[in-house]
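Everything below concerns the one structure shown next.
There are 2 protein chains.
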Amino acid sequence: MPSALAAIQSQVSEAKFSKRQQEVLSAVLNLIVREGGSLTMERVAKSASCSKETLYKWFGDRQGLLTATVQWQALKVQVSPLDGSTLDEATLMSTLVGFARDWLAVLTGDVSIALNRMAISQAGSASSGLGSIVLKNGPFAMRRRLLPVLMLGRNAGHLEFKDGDEAFSCFFGLVVRDIQIRVLLGEDVSLDEAQIVREAEAATRQFFALYGKKIKLKSTK
Amino acid sequence: MPSALAAIQSQVSEAKFSKRQQEVLSAVLNLIVREGGSLTMERVAKSASCSKETLYKWFGDRQGLLTATVQWQALKVQVSPLDGSTLDEATLMSTLVGFARDWLAVLTGDVSIALNRMAISQAGSASSGLGSIVLKNGPFAMRRRLLPVLMLGRNAGHLEFKDGDEAFSCFFGLVVRDIQIRVLLGEDVSLDEAQIVREAEAATRQFFALYGKKIKLKSTK
DNA sequence: CTGGTACCGTACGGTACGGTTCGGCAACAC
DNA sequence: GTGTTGCCGAACCGTACCGTACGGTACCAG
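Residue numbers (my numbering), protein chains in the order written: chain A, 1 to 221; chain B, 1001 to 1221.
Right under this line is the structure:
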């Protein structure tokens, strides 16, 4: 994670934002996490030690600053797609558990909560595109990463399903349950690492119970 | 629904808010649904044909007006708990399907979306209690209504689970999946009545596959 | 008729914030 | 030296909005 991810990050995002600009965006992100939606340009300028004029010159707009921040954060989170062309049942399961674990950790993290809150509060009025960005890097990204895995699992004969989207959707539900809506609404759902792992394993087990190849039932039927 | 619900509604909420006040709250709710979070006292006054002074006299505060609106809406949604002391498997299933159907219909409804957005956007800063109200009338209310049903189902021998909360949580996930977060983020998830019914039935079927009494597996093992 | 109460409509004060402008300063070009 | 550029800090402007206050009206009590 340390070098590879950092390499991707710098290579991709440096093309889009200069070093100094990234410092500003980082300050914005910290402010969003700490103070929630009440984010003023003046406080951003103060916190990043830059002038408001520069903010407007670089990002054009308050909205532009926010979307830039969200996009920049999205870049940092991007992960390389897995490669395996064949996978046995054990690695399939552990892959799914890994997905679930990462996802739960992200969901309950400060940054995700703050950004989702901001995007949701803007999704109502002024179709800001900010919601769609979070959407694209939230559920949609998970689906884009997970679907190939599920397909490989089906091709390898470990999974059975007609519709991949439906299978993904089910896995999502089993993992996330009501956790995300509760943290977004302000409940203090404190999950330590051990609990997250347990939840992830339970969800994966249930998913296999639903979509794993059912050898036993065929014999009884 | 028409007479019984209206009776409960008037009897409960009339004790808390006068007729005129409820008109005002209804106007507030309409504004929230239509215009999202950008809700000013002046527009409320204009829309409800009342003076701002009256608003402040009645509700004290902008925050007070919002919480009163949310509470009032919560009262309208309250449903009588089911009574059945014994239930066969068919009615258990249809009860669960009914729950799922209602829940999906509510989740994708304008009012729920608007109120959840508002509560979430306030949950970050200024612990307004508004989030906890929505929480109490959202996931928690569903759990409070559903847990007894699950317990009855277990007592009757149709379901098997250790932890009721965990079973509920799983049912929630199977029903809601990623739908709620997507609509909150602004995606247009249009579900007609038929689709909702299909989703509800599929989720219930999956729930029974996970927590229904497994007679077959015991024989094979 | 007089006083009181409850309410509407509107105008006002205060403040917060988005966005613009200006002075100053450092670095670099020539 | 004299521009020119890029940025910071701060002052400034217009506007939106919360909360309050005041005048006016309808209704009821005595």
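A virtual CB, placed ideally from N, CA and C, is assigned to each residue, including glycine.
Source: prediction; values computed, not measured.
Taking a contact as a CB-CB distance under 8 Å, the pair residue 179 of chain A and residue 1120 of chain B does not count as one, their CB atoms being some 14 Å apart. Nearest Cα to residue 1203 of chain B within the set B:1213, B:1022, B:1171 and B:1030: B:1171.
The beta carbon of residue 187 of chain A sits closer than 7 Å to some beta carbon of chain B. For residue 1112 of chain B, the uninterrupted alpha helix (DSSP H) segment begins and ends at 1110 to 1123.
Cβ contact annotation for residue 50 of chain A (same chain, cutoff 7 Å, sequence separation greater than five): 24, in chain order.
In the three-state scheme derived from DSSP, where H, G and I count as helix and E and B as strand, residue 185 of chain A is classed as coil. Judged by beta-carbon spacing, residue 210 of chain A lies beyond the 7 Å limit of residue 153 of chain A, meaning their Cβ atoms are not closer than that value. At least one CB atom of chain B sits nearer than 7 Å to the CB of residue 139 of chain A.
Per the Cβ contact rule, the region 1133 to 1148 of chain B is in contact with the region 179 to 193 of chain A (3 or more Cβ pairs under 8 Å). Residues of chain A whose Cβ lies closer than 8 Å to the Cβ of residue 1210 of chain B are, in chain order, 206, 209 and 210.
Contact check for residue 1123 of chain B and residue 146 of chain A: beta-carbon distance about 28 Å, past the 8 Å limit, so the pair fails to qualify. At a cut-off of 7 Å between beta-carbon atoms, residue 196 of chain A makes no contact with chain B. Counting only the Cα atoms, residue 46 of chain A lies some 43 Å from residue 1106 of chain B. Exposed is the label assigned to residue 1189 of chain B, since fewer than 16 other Cβ atoms lie within 10 Å of its Cβ. Beta-bridge partners of residue 212 of chain A (DSSP): A:159. Approximately 6 Å separates the beta-carbon atoms of residue 1097 of chain B and residue 1201 of chain B; this is inside 8 Å, confirming the contact. Of all alpha-carbon atoms in B:1149, B:1156, B:1174 and B:1032, the one lying nearest the alpha-carbon of residue 1164 of chain B is that of B:1149. Residue 1164 of chain B has a beta carbon lying at 7 Å or more from every beta carbon in chain A.
Unbroken alpha helix (DSSP H) runs of no fewer than 4 residues, entirely contained in the region 1026 to 1088 of chain B, are found at 1041 to 1048, 1052 to 1059 and 1062 to 1077, following chain order. The alpha-carbon of residue 1069 of chain B is positioned some 11 Å away from that of residue 1062 of chain B. A distance of 7 Å or more separates the beta carbons of residue 191 of chain A and residue 67 of chain A.
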